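Using the working numbering, read the first sequence as starting at 959 and increasing by one per residue.
C-beta atoms are modelled at their ideal positions from N, C-alpha and C, and glycine is treated no differently.
Small disclaimer: the values here were computed from a predicted structure and weren't measured.
The structure appears below as structure tokens.
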Amino acid sequence: MPELPEVEVLKRGLNELIVNQTVKAISSINSPRSLIGSLSDINRFVVGAKITEINRRGKMIIINLSSGYCLVVHLKMTGQLVYRSDDEQKNFGAGHPTNSLVGQLPDRSSRVVIVLEKGTLFFNDQRKFGWIRLIHKNLLEDIKLYRTMGPEPLEGIPKNQFSANLSRRANLKIKPALLDQTVIAGVGNIYADESLWMAQIHPSTRVKNVPAASRGLLLDSIVDSMNTSINFGGSTDRNYVNAKGQGGSYLKFAKVFRREGLLCPRCGSEIIKIKLAGRGTHFCPVCQKEEQSS
DNA sequence: CACTTGACCTGTCCGC
DNA sequence: TGCGGACAGGTCAAGT
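Shown next as structure tokens:
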């Protein structure tokens, strides 16, 4: 669902749409757990503050405020951050056509509503796994996920660092190791499967049995697949949309993800799906060969 | 301590 | 058609 590329596309959109706007109001609706922070802090440090910049760390979005605080957003599986200008809100009310995949807002999945000067930002989350947390920018490290997050793929990770991080999980299978956010930031199910296919590594291979050359190829593949996805606006399976409510088209170009029963674009064999570490895992059993354990 | 499984949720899809 | 259950997967907590 939303992984690094999707969150990056969302971050870029938000930077174009809501920076320099002042927050007029913020409230959670229908899901108190979705907004984390005391009501007094929210009223004091969010309402009346100006949005200065939107950043990303792994799969987290960080909305910086002029008060020195920030709203950290994790979309988890079904979260969305959709901005509607006041004009767009009026048009929706009038039933005008739109290119948004999301209908009139708020809807029944809306969890947090942030009213800005010129529009409204909606945090929608069908399954309520996601959250928005208010925290001072100097205390971001209090969030364990933030503090332990591995290096950013788009900022250039030295291959020896990637290899060393992987080796901390030497006995783990390579796919669950990639999903460990302390090893590398932002990889989820889609880009794990796609990059393992590109690097021709069987997802069940133990990390200790993945040679250095394959690790280097794997890192390159992660970066390549993510950059390609960003260029296509990310992956939309069902829920993901950007800040304007539009989907991304990367899955049309995916080689194995959700393509079980279809043919491997490289060798023509049938792509299969297995369950690995509790996750659906797609790969080519012929050209992604498992290294023998010793 | 390292690793695996279950919980958190809700909408969709499949088989009966 | 209705219903129960499996499934989707990011992260943390609990269990082995």
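Residue interval of the alpha helix (DSSP H) (run including residue i)
i	result
Thr1106	1102-1106
Thr1194	Per DSSP, Thr1194 belongs to no alpha helix (DSSP H) and is neither H nor E.
Ala1170	1170-1189
Asp1045	1044-1051
Asn1123	1117-1125
Ala1157	Run containing Ala1157: none; DSSP gives neither H nor E here.
Ile1132	1132-1137
Residues bridged to residue i (per DSSP)
i	result
Phe1081	Leu1039, Val1070
Trp908	Because the chain here runs from 959 to 1252, residue 908 falls outside it and cannot be looked at.
Ser1207	Ser1193
Met1027	Per the sequence presented here, residue 1027 reads as Tyr, with Met not at that position. Per DSSP, His1094.
Gly1216	Position check: residue 1216 holds Arg in this sequence, whereas Gly was assumed. DSSP, once it has assigned bridges, lists no residue as partnering Arg1216.
Leu1063	Paired residue(s): none; Leu1063 is not in a bridge.
Arg1164	Lys1131
Leu993	Ile1090
Leu1221	Glu1228
N- and C-terminal bounds of the beta strand (DSSP E) containing residue i
i	result
Asn1013	1009-1015
Met1259	The structure shown does not extend to residue 1259, since the chain is modelled only from 959 to 1252, so the question has no answer here.
Val967	No beta strand (DSSP E) holds Val967; the alpha helix (DSSP H) holding it covers 962-975.
Phe1241	1237-1241
Lys982	981-986
Ile1000	First-last for Ile1000: 997-1003, but that is the alpha helix (DSSP H), not the beta strand (DSSP E).
Leu1234	1230-1234
Whole-Å CB distance - residue i paired with residue j, under 8 Å assumed
i	j	result
Thr1140	Gly1108	5 Å
Val1145	Leu962	7 Å
His1160	Phe1241	7 Å
Gly1206	Val1040	With 8 Å as the limit, Gly1206 and Val1040 do not qualify as a contact, their Cβ atoms being about 14 Å apart.
Val1073	Ala983	4 Å
Lys1231	Gly1174	Not confirmed; about 27 Å, so no contact.
Ser1253	Trp1089	Residue 1253 lies beyond the stretch modelled for the chain, which goes from 959 to 1252, so this question has no answer here.
Gly1203	Val977	The pair is not a contact, with the Cβ atoms about 19 Å apart (cut-off 8 Å).
Phe1050	Gln1038	Wrong, their Cβ atoms sit about 15 Å apart, outside the cutoff.
Ala1201	Leu972	5 Å
Thr1036	Met959	7 Å
Own chain, CB closer than 7 Å to residue i, minus 5 neighbours either side, in chain order
i	result
Asp999	Leu1092
Ser1067	Asn1082, Asp1083, Gln1084
Ser1252	With a pLDDT of 38 at Ser1252, under the threshold of 50, the predicted position of this residue should be treated as unreliable, and no value is reported.
Arg1217	Ile1229, His1240
Ser1179	Ser1153, Met1156, Ala1157
Lys1095	Asn1022, Gly1026, Tyr1027, Cys1028
Ala1170	Ser1121
Asp1138	Arg1127
Thr1163	Lys1131, Ile1132, Glu1248, Glu1249
Ser989	Arg1069, Lys1086
Beta-carbon proximity list for residue i, same chain, < 8 Å, skipping 5 on both sides
i	result
Leu1221	Ser1227, Glu1228, Ile1229
Lys1008	Asn978, Gln979, Thr980, Val981, Leu1023, Ser1024
Cys1245	Gln1158, Cys1222, Arg1224, Cys1225, Ser1227
Lys969	Ile1012, Asn1013, Arg1014, Ile1019
Gln1119	Pro1109
Contacts around residue i, its chain only, beta-carbon distance under 6 Å, and the 5 residues preceding and following it disregarded
i	result
Glu964	Gly1192, Tyr1198
Pro1134	Ala1235
Phe1003	Ser1025, Tyr1027
Val1314	Within the shown structure, residues of the chain are numbered from 959 to 1252, placing residue 1314 beyond reach of any answer.
Val1181	Pro1111
Arg1126	none
Thr1106	Thr1140
Ala1143	Gly1016, Met1107, Gly1108, Glu1110
Thr1010	Asn1022, Ser1024
Glu1099	Arg1105
Glu974	none
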